[in-house]
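No gaps in the numbering here: position 598 of the sequence shown is 607 in the working numbering, and each next residue is one more. Glycine included, every Cβ here is placed at the ideal spot set by N, Cα and C.
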Amino acid sequence: MKRIFEVDPWKVATHKFSPVDKRLQESITAIGNDYMGMRGNFEEGYSGDQLQGTYLAGVWFPDKTRVGWWKNGYPKYFGKSINAPSFIGIGITVNNEKIDLAKIKFTDFYFELDMHQGLLSRSFIYEGVDTKVKFEFQRFLHIRLKEAALITVKATVLAGQAEIEFNSTLDGTVTNEDSNYNEHFWLSCNENAAKRSIQVITKPNPYDVPQFTVLLKAGLRNNNHVVNGTVKTATAKLSEKLAVTLNAGESYTLEKDVIVITSRDVAPEKQSDRADELMQQLQSKSFAENLADHTAVWQDRWTKSDVVITGNDEAQQGIRFNILQLFMTYYGEDKRLNIGPKGFTGEKYGGATYWDTEAFIFPMYLCITKPNVTRALLQYRHDQLDGAYYNAQQQGLAGALFPMVTFNGIECHNEWEITFEEIHRNEDIPFAIKRYTSYTGDESYVKNEGMDVLVGTARFWADRVHYSKWRHKYVIHGVTGPDEYDNNVNNNWFTNLMAQWVLQYTLERLPLADKAAQERLNVTKEEQAKWQDIIENIYLPEDKERGIFLQQDDFLDKDIRPATEIPLDQRPINQHWSWDKILRSPFIKQADVLQGIYYLDDRFTKEQKERNFAFYEPLTVHESSLSACIHSILAAELGRKKQSVEFYERTARLDLDNYNNDTDDGLHITSMSGSWLAIVQGFAGMRYGHNQLRFNPFVPDNWTGYSFKINYRGRLIQVEVTHQETRITLISGQELTILVKEQKVTLKEGEQNCLKA
């Protein structure tokens, strides 16, 4: 665990600059506005080790799959979220010395991410031979005018005289660190000095994937007045230089306004005119006025989603940081988008979406955003259903197989044991339909588009199982469950259980579907009978003597021992052990059997949950960012309060404290909902099955209390929990009866209900 930022309820800040932690610092100070985003790189440039990264939502490249031995069914390309042209650059020289924190002498470094509004600020004092200059930077990506980025740098001379040159740049010559053979993904279209713009296009590809054209336009202002410098262009680059001379006590503030437009929204030939319109709109207001507009949107979001923790600033900072990063990545305003595991914070996991969205993000967004946001996530998968059918066909299977990694519905990930074996995403996606329907009470999706998804995945599972004459059961071979430290296993309990659930839920919902959906899907009586036979006869491995469900066949053949026996200098094992050694070990990356128990919570007794938790948790190394929250929720339900809180702390501060020693290449965006789930489903014990909203709250010993709000079926409900009592208020909406620790409580609008702890 490594903490490089100070603890504060609303800020992520540091007074220290450590070159060895530069990448980690960049990840944690990444910002976005769900249209674009970038790492916390320095505007003036930095010659030391860094990961320069700017990313545009939905802009990607199909990179040719390169493997040592081609296998039939491999994806033809690996989808990458490519490093976009950089637009933050403002190079600075003082008396002909380039400002570069890797080389110059400086003091009073300060770096801050203000979580109220996603505002990034930084300052330091440059100490030259005969001058001192304080530089102050501010940067934000406009949440209301999404194509706009605003950057300011203020120079104040503290001693001596300073001739300061600013060099504003737009740079389309960027590359990805993970590119094959240092290839460039961007080609120049146009550089327009008069308009201060560049236009670039992704290089051609041999696949049926469109090229993306991006136009960037910059403008400079001082005191809200446009200023013009000397403009130069080169291939895919533009720079504009201007100089000022300041004496001691004098200041100068340069504002850089940027507009970014992509061909996802505007045709290439219309981008320049559209950029002019947006720049005029942006510059009709000052930096302060634009920031006020931006902040107002954030205030509205925080009013609905903030989780307030009292008595523990570390816990408070952690969950607010996670909510901020999630909302900067995705807020459901573009139905073509989804949530990538790194968001706008790094190149790793280049795909647009994994199963993480449905399993971990979806249940949080259900409760704190409008229903149309989660409806958009469901629609995203339905819109890519043709690709899912194609993916299944590539494997010689019936039905629809949703991809592990995708931008357009076509599988574009090239690790066989993950891409073609970790097929439980074909269960997680249908389960999100169940969650949406159960929580919102809205059945319109499951009766129509949702039935397309359910039947498509059910047909896949009916073909993917095979009947074992030896077991007299249906089995599923050659899979990877949620535990990615076990590959190519047979009869993963979670996968088999949830395949059974998909078939069962599809059969239950089919008679209730719209007539048009029933007619177009044409599920025959024979097909339904086959599904029912699989439901009744699928093999679910268990050890009755221990009273546990077996993660997969032969799991008990492993050298079962707790993870505490692993020497600390060998943790995390994925950074110290060979893959062969990991696969043969008993150690589990993340919840697997416990993931199934979490999903189908009401199917299992408390005793079953306790026995499986007691067996599997000690074997779990929690080296997946998705692991801690599931364990926290189950530990809370089982009365293991201390463990539950420890797991919350891990998921809440996973990146802030760099628990897994891997945050330097980007944040774990899709696990960030885990802190919210750990509080709401864990500490507060919220459940909502069978049309009944229930809570069973407790407060961690080292907190004094917590509160949160949820949207539930047109109602806004606030829950406040202290060691002494639980207060539940129906802020708006119709009367509702809920259960709190199995006690019926009727909520009426505007009334607060108090229950003793």
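By Cβ distance, which residues of its chain are closer than 6 Å to residue i, with the 5 residues on each side in sequence left out?
i: ARG131; result: PHE120 and PHE146
i: ASN762; result: ILE737 and VAL754
i: ALA158; result: LEU150 and VAL267
i: ASN214; result: PRO71
i: PHE416; result: TRP69, GLY88 and ALA361
i: SER641; result: SER653, PHE656, TYR657, ALA687 and GLY691
i: PRO28; result: GLY57
i: TRP223; result: For the record, residue 223 in the displayed sequence is Val; it is not Trp. If we look at VAL223 and ignore the five residues flanking it on each side, its Cβ neighbours are VAL209 and THR271.
i: PHE96; result: LEU179, LEU225 and VAL267
i: ILE173; result: VAL103, ALA164 and VAL253
My understanding is that residue i touches residue j, with C-beta atoms under 8 Å, so please give their C-beta distance in whole angstroms.
i: GLY54; j: ASP109; result: 6 Å
i: ILE152; j: HIS303; result: 5 Å
i: LEU676; j: GLY352; result: 7 Å
i: LEU530; j: GLY459; result: Not confirmed; about 11 Å, so no contact.
i: MET124; j: LYS20; result: 7 Å
i: ASN50; j: ASN185; result: Between ASN185 and ASN50 the Cβ distance is about 15 Å, and since that is not below 8 Å, they are no contact.
i: GLN61; j: VAL183; result: 7 Å
i: LEU33; j: ASP673; result: 5 Å
i: MET507; j: TYR608; result: 7 Å
i: PRO706; j: ALA693; result: 5 Å
i: GLU436; j: ASN497; result: With a Cβ gap of about 18 Å, GLU436 and ASN497 do not count as contacting.
i: ASP6; j: PRO277; result: The requested residue 6 does not occur in the structure, where the chain is confined to residues 10 to 766.
i: VAL474; j: ILE543; result: 6 Å
i: GLY100; j: MET337; result: With 8 Å as the limit, GLY100 and MET337 do not qualify as a contact, their Cβ atoms being about 26 Å apart.
i: LEU702; j: SER680; result: Going by Cβ atoms, the distance from LEU702 to SER680 rounds to 26 Å, so no, they are not a contact pair.
Any idea if residue i is buried or exposed, counting beta-carbon neighbours within 10 angstroms, 16 or more meaning buried?
i: GLY691; result: buried
i: ILE547; result: buried
i: ALA227; result: buried
i: THR254; result: exposed
i: ILE569; result: exposed
i: GLY605; result: buried
i: LEU756; result: buried
i: GLN280; result: buried
i: ALA644; result: buried
i: PRO550; result: buried
i: GLY719; result: With the sequence shown as reference, residue 719 is identified as Ile, and Gly is not the correct amino acid for it. Result: buried.
i: GLU517; result: exposed
i: SER295; result: exposed
i: LYS524; result: exposed
i: LEU577; result: exposed
In this structure, what does DSSP give as the bridge partners for residue i?
i: GLY230; result: The question names Gly, yet the displayed sequence has Arg at residue 230. Looking at the DSSP assignment, ARG230 forms a beta bridge with VAL235 and GLU264.
i: CYS763; result: ARG736
i: GLN727; result: LYS718 and THR738
i: ARG148; result: LEU129 and ILE160
i: THR222; result: ILE210
i: SER177; result: ILE99 and GLU249
i: VAL317; result: SER716
i: ASN397; result: The sequence given here has Ala at residue 397, not Asn. Its beta-bridge partners do not exist; DSSP assigns none.
i: GLU106; result: VAL103
i: ALA171; result: LEU255
i: PHE115; result: TYR135
i: LYS20; result: ASP123
Beta-carbon within less than 8 Å of residue i's beta-carbon, same chain only, minus the 5 sequence neighbours each way: which residues are those?
i: LYS141; result: ILE134, TYR135, VAL166, LEU167, ALA168 and GLY169
i: GLN599; result: PRO491, ASP492, GLU493, THR629, HIS631, GLU632, SER633, LEU635, SER636 and ILE639
i: THR746; result: LYS753, VAL754, THR755 and LEU756
i: ASP620; result: Rather than Asp, the amino acid found at residue 620 in this sequence is Arg. So the qualifying residues of the chain are ARG555, GLY556 and ILE557.
Who are the Cβ neighbours of residue i in its own chain at under 7 Å, not counting the five residues just before and after it?
i: CYS395; result: Per the sequence presented here, residue 395 reads as Asp, with Cys not at that position. Closer than 7 Å at the Cβ level, and outside the excluded window around ASP395, lie GLY418.
i: ALA385; result: GLY341 and LYS344
i: VAL464; result: THR515, LEU530 and VAL532
At the 7 Å Cβ level, is residue i part of the contact set with chain D, yes or no?
i: LYS294; result: In the displayed structure, chain D is absent; only one protein chain is listed.
Requested in this report: For the segment 508-556, list the alpha helix (DSSP H) runs that are entirely contained and at least 4 residues long, ordered along the chain.
Outcome: 524-530 and 534-546
Extract the residue ranges of the alpha helix (DSSP H) inside the segment 261-307, only unbroken runs of 4 or more that lie entirely within it. 280-292
| If you scan the segment 187-219 from start to end, which runs of the beta strand (DSSP E) of 3 or more residues do you find wholly inside it? | 195-201 and 206-211
Unbroken stretches of the alpha helix (DSSP H), 4 residues or longer, contained in the segment 657-709
682-686
Practice item. Could you pull out every unbroken beta strand (DSSP E) segment of at least 3 residues lying fully inside the segment 457-497, listed in chain order? Key: 475-477 and 482-484
Original post:
For the segment 119-143, which segments carrying the beta strand (DSSP E) assignment without a break, of at least 3 residues, lie completely within its bounds, in sequence order?
Top reply: 128-136
What are the uninterrupted segments assigned as alpha helix (DSSP H) that are 4 or more residues long and contained completely in the segment 597-665, given in chain order?
602-608, 615-625, 636-646 and 650-661
Entirely within the segment 71-99 and at least 3 residues each: give me those beta strand (DSSP E) ranges in chain order.
86-89
For this session: Entirely within the segment 23-69 and at least 4 residues each: give me those alpha helix (DSSP H) ranges in chain order.
Result: 31-37
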